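Participant: Be aware that the sequence shown starts at 43, since it is given in the working numbering, and climbs by one per residue. Quick reminder that beta carbons are idealized off the backbone N, C-alpha and C, glycines included. It should be emphasised that the depicted structure is a prediction, and the values quoted were computed from it without experimental measurement. Sharing a structure, written as structure tokens. Questions coming.
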Amino acid sequence: MLILILMFTFVSCNEQDLPLEKNVHMNNTGVANDTSTVDDAGSTNHTEGNVPETNNKIPLHFMIDGRLYVDTGETVQGLKCGVMDRNFDKVIPQDQIPSVDGEVNFESESNGAQSGRRENRMIACVDGTWRIFAYNENNLGGVTLSVKEASPSKLTVIFQNQLRKEFTYGAWFMIEQYDETLKEWVPVEPICEYAFVSVAYPLKAAKETEQEIKFDWLYGKLETGKYRVIKDVLDVKSPGDFDQYWLMAEFTIE
43 MLILILMFTF VSCNEQDLPL EKNVHMNNTG VANDTSTVDD AGSTNHTEGN VPETNNKIPL
103 HFMIDGRLYV DTGETVQGLK CGVMDRNFDK VIPQDQIPSV DGEVNFESES NGAQSGRREN
163 RMIACVDGTW RIFAYNENNL GGVTLSVKEA SPSKLTVIFQ NQLRKEFTYG AWFMIEQYDE
223 TLKEWVPVEP ICEYAFVSVA YPLKAAKETE QEIKFDWLYG KLETGKYRVI KDVLDVKSPG
283 DFDQYWLMAE FTIE
């Protein structure tokens, strides 16, 4: 079942909406696997299979616009401008988690945060270092992303949903490369203008789903190096009401 959601990133490589071809195959356990193929922005394919059921110290946090941002451990090099996109209003003890907009549980020289390179990220200055904070990143308990296969032109990723709940994902993706000189992750530069098709696929409860991502239309062929892919997942509560999460998985091109 496809769910159309008008929400993904629009930033065009002349890709088109093409019809979805759907086939159901039986695996060797006698359980039906749902296999779909679609050529859209990024020529995406996905398949599904069964997944077995499973299952400190408070890090730096701040809350902006109802979003709780947490320290990722990543930093950004170089000086930043002195104008913050959002200011902090109140410092609370570090053993507490902010619950009100403007609260922060650490002292910050910037006294505020600037927008990051992704929509779910912001940066703030802590002890003279600009640190990256993220909202809803790799924190969807029971749902993970990993890379099964990687080549200079495409990836196969696996979503593992161990929950008794269905989520959705779509065509959108982003690839970042680890810069050994800067010691930070930077977005791979697109070779063209682009737009992602507004289509979403189900991540069915207690199943794993494979998605093939062909990215050479957007980035060309990747050079040797360390990379990570970012995908978003939606927890849809009702039409137009959803929570968005960002999952990441690293891979290497040799």
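When every heavy atom of the ligand GDP is checked, does at least one fall within less than 8 Å of the C-beta of D277?
Facilitator: Inclusion of the ligand GDP in the displayed structure is not the case, the ligand content being empty and no account of it being possible.
Participant: Are the beta-carbon atoms of Y287 and E218 separated by less than 9 Å?
Facilitator: Taking 9 Å as the cut-off, the beta carbon of Y287 is found no closer than this to the beta carbon of E218.
Participant: Does the Cβ of E274 have 16 or more other Cβ atoms within 10 Å, making it buried, or fewer, making it exposed?
Facilitator: The question names Glu, yet the displayed sequence has Asp at residue 274. Burial call: buried.
Participant: For the stretch 217 to 274, list the beta strand (DSSP E) runs that are entirely contained and at least 3 residues long, ordered along the chain.
Facilitator: 226 to 229, 242 to 245 and 249 to 256
Participant: I'd like to know whether the C-beta atoms of A166 and G183 end up nearer to each other than 9 Å.
Facilitator: Not closer than 9 Å, so no.
Participant: Would you kindly work out how many angstroms separate the C-alpha atoms of E149 and V168, rounded to a whole number?
Facilitator: For the pair E149 and V168, the Cα-to-Cα distance works out to about 7 Å.
Participant: Provide the residue span of the beta strand (DSSP E) that contains V199, from first to last.
Facilitator: K196 to N203
Participant: Report the CB separation of E208 from L245 in whole angstroms; it is logged as a contact under 8 Å.
Facilitator: 6 Å
Participant: Which of helix, strand or coil does DSSP assign to R159?
Facilitator: coil
Participant: Taking only beta-carbon positions, decide if T198 is within less than 9 Å of chain D.
Facilitator: Chain labels in this structure do not include chain D; a single protein chain is all it has.
Participant: Report yes if the CB atom of T114 is closer than 9 Å to the CB atom of R173, and no otherwise.
Facilitator: yes
Participant: Can you find at least 3 beta carbon pairs, one from the stretch 288 to 296 and one from the stretch 232 to 251, that sit closer than 8 Å?
Facilitator: With the rule of 3 Cβ pairs closer than 8 Å, the stretch 288 to 296 does not count as touching the stretch 232 to 251.
Participant: Among T171, S157 and S193, which one has its Cα closest to the Cα of Y177?
Facilitator: S157
Participant: Would you decide whether Q253 is buried or exposed? Buried here means 16 or more other CB atoms lie within 10 Å of its CB.
Facilitator: buried
Participant: Considering E116, what are the terminal residues of the beta strand (DSSP E) in which it resides?
Facilitator: R109 to V118
Participant: Going by alpha carbons, who is nearest to P109 out of I134, F175, C123 and A242?
Facilitator: First, the residue type needs correcting, since residue 109 is Arg and not Pro in the sequence shown. Comparing Cα positions, the closest option is F175.
Participant: Nearest by alpha-carbon distance to T198: which of Y261, E151, T251 and S280 is it?
Facilitator: T251
Participant: Would you kindly check if the distance between the Cβ of V185 and the Cβ of N162 is under 9 Å?
Facilitator: no
Participant: Cα separation between S78 and A242?
Facilitator: With a pLDDT of only 36 at S78, under 50, the local geometry of the prediction cannot be trusted, and the value read off the model is given with reservation. Straight-line Cα distance between these residues: approximately 12 Å.
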